[in-house]
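One structure below.
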Amino acid sequence: MLRTLCRVAARTPGRRFGPCLAVLSLALVFAGCDAGRRVLPPLPQPTAEPIEGPPLVSSSPAQAAVLPATAVGRVPLSLDEVNRLAGKGLYKSGDAPLSAPADAKGTAQPQECLPVLSALRTKAVSGTAFSAFQFVVFPAADASGGVFEQAAAVYPDVAPAKTVFQKVADALGSCDGKSVDERQDEASQPITYDIRSEESEDGALRWTEQQQGQAGGACVFEVRRIKNLVFEVVECGDEAGDLAAKAAAMLASRAV
0 MLRTLCRVAA RTPGRRFGPC LAVLSLALVF AGCDAGRRVL PPLPQPTAEP IEGPPLVSSS
60 PAQAAVLPAT AVGRVPLSLD EVNRLAGKGL YKSGDAPLSA PADAKGTAQP QECLPVLSAL
120 RTKAVSGTAF SAFQFVVFPA ADASGGVFEQ AAAVYPDVAP AKTVFQKVAD ALGSCDGKSV
180 DERQDEASQP ITYDIRSEES EDGALRWTEQ QQGQAGGACV FEVRRIKNLV FEVVECGDEA
240 GDLAAKAAAM LASRAV
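Position one of the sequence shown corresponds to residue 0 (numbering that gives the first Met the number 0), numbered consecutively onward.
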(Lines of atoms letter the chains of each structure in order from A and count residues from 1; the text may use other names and numbers.)
(Lines give C-alpha, C1' and ligand atoms only; values in the text may rest on other atoms or scores of the structure.)
Protein backbone atom coordinates (compact mmCIF):
# COMPACT_ATOMS: atom_id res chain seq x y z
CA MET A 1 0.00 0.00 0.00
CA LEU A 2 2.78 2.44 0.89
CA ARG A 3 4.65 1.71 -2.27
CA THR A 4 1.44 2.28 -4.34
CA LEU A 5 0.81 5.70 -2.76
CA CYS A 6 4.37 6.81 -3.48
CA ARG A 7 4.18 5.66 -7.07
CA VAL A 8 0.93 7.59 -7.64
CA ALA A 9 2.44 10.76 -6.21
CA ALA A 10 5.57 10.36 -8.30
CA ARG A 11 3.58 10.06 -11.55
CA THR A 12 1.57 13.22 -10.89
CA PRO A 13 3.13 16.10 -12.94
CA GLY A 14 4.40 19.08 -10.97
CA ARG A 15 3.55 17.48 -7.63
CA ARG A 16 6.23 17.44 -4.95
CA PHE A 17 7.08 14.45 -2.75
CA GLY A 18 5.71 16.06 0.39
CA PRO A 19 2.36 14.19 0.28
CA CYS A 20 4.14 10.86 -0.08
CA LEU A 21 6.36 11.56 2.89
CA ALA A 22 3.41 12.71 4.97
CA VAL A 23 1.41 9.62 4.09
CA LEU A 24 4.41 7.42 4.77
CA SER A 25 5.00 9.05 8.17
CA LEU A 26 1.37 8.62 9.20
CA ALA A 27 1.39 5.02 8.05
CA LEU A 28 4.52 4.28 10.08
CA VAL A 29 2.99 5.86 13.17
CA PHE A 30 -0.16 3.76 12.95
CA ALA A 31 1.56 0.57 11.86
CA GLY A 32 4.44 0.89 14.35
CA CYS A 33 6.88 -0.65 11.90
CA ASP A 34 8.45 -0.34 8.48
CA ALA A 35 7.73 -2.51 5.47
CA GLY A 36 10.12 -5.25 6.57
CA ARG A 37 9.24 -5.43 10.30
CA ARG A 38 6.77 -7.91 11.80
CA VAL A 39 3.70 -6.33 13.41
CA LEU A 40 3.46 -7.44 17.07
CA PRO A 41 0.07 -8.57 18.39
CA PRO A 42 -1.62 -6.36 20.99
CA LEU A 43 -0.88 -7.03 24.67
CA PRO A 44 -3.45 -9.28 26.38
CA GLN A 45 -6.05 -7.46 28.42
CA PRO A 46 -6.35 -8.15 32.18
CA THR A 47 -8.75 -10.94 33.02
CA ALA A 48 -11.09 -11.23 35.94
CA GLU A 49 -9.19 -14.24 37.28
CA PRO A 50 -5.68 -13.64 38.73
CA ILE A 51 -2.82 -15.34 36.95
CA GLU A 52 -1.26 -17.98 39.17
CA GLY A 53 2.46 -17.79 39.82
CA PRO A 54 5.09 -18.21 42.50
CA PRO A 55 4.39 -16.47 45.82
CA LEU A 56 5.77 -13.01 46.24
CA VAL A 57 8.91 -12.82 48.35
CA SER A 58 9.89 -9.77 50.35
CA SER A 59 12.69 -7.87 48.67
CA SER A 60 14.05 -6.76 52.02
CA PRO A 61 16.60 -9.23 53.47
CA ALA A 62 16.17 -7.63 56.89
CA GLN A 63 12.43 -8.35 56.92
CA ALA A 64 12.94 -11.93 55.78
CA ALA A 65 15.57 -12.57 58.46
CA VAL A 66 13.47 -11.81 61.54
CA LEU A 67 10.13 -12.85 62.99
CA PRO A 68 7.58 -10.35 64.31
CA ALA A 69 7.03 -9.88 68.02
CA THR A 70 3.61 -11.49 67.62
CA ALA A 71 5.34 -14.85 67.11
CA VAL A 72 5.32 -15.35 70.89
CA GLY A 73 1.54 -15.62 70.68
CA ARG A 74 1.26 -18.05 67.78
CA VAL A 75 4.26 -20.34 68.38
CA PRO A 76 3.46 -21.89 71.82
CA LEU A 77 0.89 -24.68 71.98
CA SER A 78 -2.48 -24.35 73.65
CA LEU A 79 -3.58 -26.72 76.41
CA ASP A 80 -5.81 -28.64 73.99
CA GLU A 81 -2.97 -28.98 71.50
CA VAL A 82 -0.62 -30.32 74.18
CA ASN A 83 -3.14 -32.91 75.36
CA ARG A 84 -3.97 -33.96 71.79
CA LEU A 85 -0.27 -34.35 71.10
CA ALA A 86 0.05 -36.50 74.23
CA GLY A 87 -2.94 -38.58 73.18
CA LYS A 88 -4.72 -38.04 76.50
CA GLY A 89 -5.62 -35.32 78.97
CA LEU A 90 -2.34 -35.18 80.88
CA TYR A 91 -2.45 -31.49 81.79
CA LYS A 92 -4.85 -28.81 82.96
CA SER A 93 -4.93 -25.02 82.91
CA GLY A 94 -2.47 -23.27 85.19
CA ASP A 95 -1.63 -19.70 86.03
CA ALA A 96 -2.00 -16.94 83.46
CA PRO A 97 0.93 -16.67 81.02
CA LEU A 98 3.76 -14.34 81.99
CA SER A 99 4.84 -11.59 79.60
CA ALA A 100 8.33 -11.23 81.09
CA PRO A 101 10.88 -13.61 82.61
CA ALA A 102 11.10 -13.78 86.39
CA ASP A 103 14.02 -12.98 88.64
CA ALA A 104 15.98 -16.08 89.58
CA LYS A 105 15.00 -17.29 93.05
CA GLY A 106 18.00 -18.91 94.61
CA THR A 107 21.45 -19.85 93.44
CA ALA A 108 23.18 -22.70 91.66
CA GLN A 109 26.47 -24.34 92.41
CA PRO A 110 28.42 -24.32 90.13
CA GLN A 111 27.02 -20.88 89.29
CA GLU A 112 27.62 -21.27 85.54
CA CYS A 113 25.04 -24.08 85.54
CA LEU A 114 22.13 -21.78 86.41
CA PRO A 115 20.98 -21.49 82.74
CA VAL A 116 20.63 -25.28 82.63
CA LEU A 117 18.31 -25.27 85.65
CA SER A 118 16.17 -22.25 84.81
CA ALA A 119 16.47 -22.00 81.01
CA LEU A 120 14.53 -19.12 79.47
CA ARG A 121 12.10 -18.44 82.31
CA THR A 122 14.53 -16.19 84.20
CA LYS A 123 16.06 -12.82 83.37
CA ALA A 124 19.50 -14.28 84.05
CA VAL A 125 19.13 -16.22 80.80
CA SER A 126 16.60 -14.38 78.61
CA GLY A 127 17.78 -10.90 79.60
CA THR A 128 15.61 -7.84 79.03
CA ALA A 129 16.33 -6.96 75.39
CA PHE A 130 13.45 -9.03 73.99
CA SER A 131 10.65 -7.47 71.94
CA ALA A 132 8.06 -9.89 73.32
CA PHE A 133 8.06 -12.79 75.78
CA GLN A 134 5.64 -15.46 76.93
CA PHE A 135 5.92 -18.16 79.58
CA VAL A 136 3.07 -20.60 80.20
CA VAL A 137 2.76 -23.57 82.57
CA PHE A 138 0.32 -26.48 82.41
CA PRO A 139 0.33 -28.61 85.60
CA ALA A 140 -0.51 -32.30 85.55
CA ALA A 141 -4.22 -33.10 85.66
CA ASP A 142 -3.61 -35.70 88.38
CA ALA A 143 -1.60 -35.53 91.60
CA SER A 144 1.63 -36.78 90.02
CA GLY A 145 3.35 -33.40 90.23
CA GLY A 146 4.19 -33.36 86.54
CA VAL A 147 4.32 -30.13 84.58
CA PHE A 148 4.61 -28.91 81.00
CA GLU A 149 6.23 -25.51 80.38
CA GLN A 150 6.78 -23.35 77.32
CA ALA A 151 8.71 -20.12 76.99
CA ALA A 152 9.27 -18.02 73.88
CA ALA A 153 11.25 -14.82 73.44
CA VAL A 154 11.44 -12.72 70.27
CA TYR A 155 14.34 -10.28 69.97
CA PRO A 156 14.66 -7.23 67.69
CA ASP A 157 17.45 -8.89 65.73
CA VAL A 158 19.16 -12.24 65.30
CA ALA A 159 22.28 -11.24 67.27
CA PRO A 160 20.73 -11.05 70.78
CA ALA A 161 18.83 -14.29 70.13
CA LYS A 162 22.13 -15.98 69.26
CA THR A 163 23.65 -14.62 72.48
CA VAL A 164 20.86 -16.10 74.61
CA PHE A 165 21.02 -19.45 72.85
CA GLN A 166 24.81 -19.55 73.17
CA LYS A 167 24.53 -18.79 76.90
CA VAL A 168 22.46 -21.93 77.36
CA ALA A 169 24.76 -23.95 75.07
CA ASP A 170 27.84 -22.90 77.04
CA ALA A 171 26.19 -23.81 80.34
CA LEU A 172 25.16 -27.21 79.03
CA GLY A 173 28.67 -27.83 77.73
CA SER A 174 30.15 -26.98 81.13
CA CYS A 175 27.61 -28.87 83.24
CA ASP A 176 26.92 -31.99 81.20
CA GLY A 177 27.45 -35.06 83.39
CA LYS A 178 27.74 -33.01 86.58
CA SER A 179 25.66 -32.73 89.73
CA VAL A 180 24.33 -29.24 90.31
CA ASP A 181 23.04 -27.90 93.62
CA GLU A 182 20.13 -25.49 93.52
CA ARG A 183 19.33 -23.61 96.70
CA GLN A 184 16.03 -21.78 96.70
CA ASP A 185 15.66 -18.61 98.75
CA GLU A 186 15.00 -19.40 102.41
CA ALA A 187 15.56 -23.14 101.82
CA SER A 188 17.69 -24.85 104.45
CA GLN A 189 19.09 -27.49 102.10
CA PRO A 190 19.88 -27.45 98.39
CA ILE A 191 18.32 -29.78 95.86
CA THR A 192 20.82 -31.68 93.75
CA TYR A 193 20.21 -32.45 90.10
CA ASP A 194 22.15 -34.66 87.72
CA ILE A 195 22.50 -33.06 84.28
CA ARG A 196 22.87 -35.13 81.14
CA SER A 197 22.80 -33.78 77.59
CA GLU A 198 21.10 -35.68 74.80
CA GLU A 199 21.60 -35.77 71.07
CA SER A 200 19.70 -33.09 69.20
CA GLU A 201 19.52 -31.58 65.75
CA ASP A 202 21.31 -28.42 64.67
CA GLY A 203 19.92 -25.30 66.28
CA ALA A 204 18.57 -27.26 69.24
CA LEU A 205 19.76 -28.17 72.74
CA ARG A 206 18.28 -31.07 74.68
CA TRP A 207 19.09 -32.32 78.16
CA THR A 208 17.65 -34.19 81.15
CA GLU A 209 17.54 -32.96 84.73
CA GLN A 210 17.12 -35.73 87.30
CA GLN A 211 16.70 -34.92 90.99
CA GLN A 212 18.91 -37.07 93.19
CA GLY A 213 17.14 -39.31 95.68
CA GLN A 214 13.90 -39.25 93.70
CA ALA A 215 12.85 -42.16 91.54
CA GLY A 216 11.45 -41.07 88.20
CA GLY A 217 10.11 -37.60 87.75
CA ALA A 218 12.89 -36.35 85.47
CA CYS A 219 12.56 -33.10 83.52
CA VAL A 220 13.43 -32.98 79.84
CA PHE A 221 14.45 -29.60 78.41
CA GLU A 222 14.65 -28.61 74.77
CA VAL A 223 15.75 -25.14 73.65
CA ARG A 224 15.81 -24.00 70.03
CA ARG A 225 16.65 -20.85 68.13
CA ILE A 226 14.99 -19.89 64.84
CA LYS A 227 16.14 -16.54 63.47
CA ASN A 228 15.45 -13.99 66.23
CA LEU A 229 13.21 -16.36 68.22
CA VAL A 230 14.39 -18.54 71.11
CA PHE A 231 11.95 -20.98 72.70
CA GLU A 232 11.99 -23.79 75.22
CA VAL A 233 9.83 -26.77 76.07
CA VAL A 234 10.12 -28.45 79.48
CA GLU A 235 8.32 -31.66 80.35
CA CYS A 236 8.54 -33.08 83.87
CA GLY A 237 7.07 -36.42 84.86
CA ASP A 238 7.57 -40.14 85.02
CA GLU A 239 7.35 -40.51 81.25
CA ALA A 240 8.88 -37.20 80.21
CA GLY A 241 10.69 -36.98 76.90
CA ASP A 242 8.56 -38.02 73.96
CA LEU A 243 5.97 -35.26 74.33
CA ALA A 244 8.69 -32.62 74.74
CA ALA A 245 10.32 -33.69 71.48
CA LYS A 246 7.02 -33.65 69.56
CA ALA A 247 6.03 -30.29 71.00
CA ALA A 248 9.41 -28.71 70.20
CA ALA A 249 9.14 -29.91 66.60
CA MET A 250 5.64 -28.43 66.31
CA LEU A 251 6.73 -25.09 67.77
CA ALA A 252 9.62 -24.98 65.31
CA SER A 253 7.28 -25.63 62.37
CA ARG A 254 5.10 -22.70 63.42
CA ALA A 255 8.04 -20.32 63.49
CA VAL A 256 8.95 -20.75 59.81
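A virtual CB, placed ideally from N, CA and C, is assigned to each residue, including glycine.
Predicted model, so just to flag it, every value in this text is computed and none were measured.
- Beta-carbon to beta-carbon, A170 and E234 are separated by about 19 Å, too far to satisfy the 8 Å threshold.
- K161 and A248 have their C-alpha atoms spaced approximately 19 Å apart.
- The count of Cβ pairs closer than 8 Å, one atom from the stretch 74-90 and one from the stretch 240-247, reaches three, so the stretches are in contact.
- When the five nearest sequence neighbours on each side are left out, the beta carbons in the same chain lying within less than 6 Å of the beta carbon of G215 are those of D237, in order along the chain.
- Burial state of T127 is exposed, judged by a 10 Å Cβ sphere holding fewer than 16 other Cβ atoms.
- Q149 has its alpha-carbon roughly 9 Å from the corresponding atom of R120.
- In the DSSP assignment, L204 falls within the beta strand (DSSP E) that extends over 203-210.
- Spanning the alpha carbons of E181 and V115 requires a straight line of approximately 11 Å.
- With the rule of 3 Cβ pairs closer than 8 Å, the stretch 184-195 does not count as touching the stretch 129-139.
- Per DSSP, the continuous alpha helix (DSSP H) segment holding R253 begins and ends at 241-253.
- Counting every other CB atom within 10 Å of its CB across the protein chains shown gives Q133 a total of 16 or more, marking it as buried.
- Sixteen is the threshold: since fewer than 16 other Cβ atoms of the shown chains lie within 10 Å of the Cβ of P155, the residue is exposed.
- Only buried fits G145, as 16 or more other CB atoms lie within 10 angstroms of its CB.
- Taken in chain order, the unbroken stretches of beta strand (DSSP E) that lie wholly in the stretch 138-190 and span 3 residues or more are 146-153, 178-182.
- V65 sits close to N227, with the two beta carbons spaced by under 8 Å.
- Between A131 and E231, the CB-CB gap reaches or exceeds 8 Å.
- At the C-beta level, V255 and A151 stay beyond 8 Å of one another.
- The C-alpha of A68 lies about 6 Å from the C-alpha of V153.
- Taking the Cα positions, G240 is about 8 Å away from C218.
- For T207 and A95, the gap between their C-alpha atoms comes out near 26 Å.
- Residue state for V71 is assigned as helix, using DSSP reduced to three classes.
- In the three-state DSSP reduction, D102 falls in the coil class, being neither helix nor strand.
- Going by C-alpha positions, S77 is about 18 Å away from V222.
- In the DSSP assignment, E234 falls within the beta strand (DSSP E) that extends over 228-236.
- For E111, the secondary structure class from DSSP, reduced to helix, strand or coil, is helix.
- DSSP places A131 in the strand class (E or B) of the three-state scheme.
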